[in-house]
Structure formats: C-alpha cells, structure tokens
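Novice: Start counting the sequence shown at 156; every next residue gets the next number (the working numbering).
For each residue, glycine too, the CB sits at the ideal point set by N, CA and C.
It should be emphasised that the depicted structure is a prediction, and the values quoted were computed from it without experimental measurement.
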Amino acid sequence: MDLSLSTRNVSGPGGDRTVVEVGGEIDVYTAPKLREQLVELVNDGSYHLVVDMEGVDFLDSTGLGVLVGGLKRVRAHEGSLRLVCNQERILKIFRITGLTKVFPIHT
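1. Could you give the DSSP three-state label for glycine 253: helix, strand or coil?
2. Comparing C-alpha positions only, which one of Ser201, His232 and Val175 sits nearest to cysteine 240?
3. May I have the straight-line CA-CA distance separating threonine 252 from glutamate 191, to the nearest angstrom?
4. Under three-state DSSP, which class holds glutamate 216?
5. Got a sec: is the Cβ-Cβ distance from phenylalanine 249 to anything in chain D below 7 angstroms?
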C-alpha cells in the first residue's frame, strides 16, 4: 500500500495550524515521504502542525520515529504537533509505547 499526503492551513481560536492528512500505511517504505513533508513544513515556517491519521491503515516503529522527529523539530521553534486519530488499533500502538504522554491525541 502507498501513502497519501495532503496539507491545508486552518485558522482558529488557538491560532494558525497546518493540517497534514495522512492515508494508507506509514512503514519503513513510506515513512521517508512523511518525514520529508514534515521537514519541509518546518523549514517553511509551519511550527504548529496537526497530523490527521484518520486514513492510516498501518503504523510501524519507523512511522512512530518520524512523528517523534517531527515533534522535536517543531518544539525547537516553540511549536506543537498534535495527532487526530480515532482508530483503536492505531491508538493502541501509542498507548503501548507510552507516546500518549508525549503527543496530544484528539479522537
């Protein structure tokens, strides 16, 4: 399976955010595409990101590493990275790894 990515900017009471909608599988083969997108956004000055994972079918440790790396990048600029996910099988991965304490996850 492939990885689909799209971005859009949204404004709200909490300020401007860039939403990255992710679909498909985030694994050792596709994670570099997500990493490249996150790095590009931060390099372009987008420091408040929301990664919408509603369309993600599979997530492995490489994908988790990319998300943690993205979080470190935005935090270096006083930014934030939030996740949107309501799929139990994906949320379970974040719980097992303890990353629910690291990422704000909106369900």
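Specialist: In short:
1. coil
2. Val175
3. 24 angstroms
4. The question names glutamate, yet the displayed sequence has serine at residue 216. DSSP places serine 216 in helix when its eight states are reduced to three.
5. Absent here is chain D; the protein component of the structure consists of one chain.
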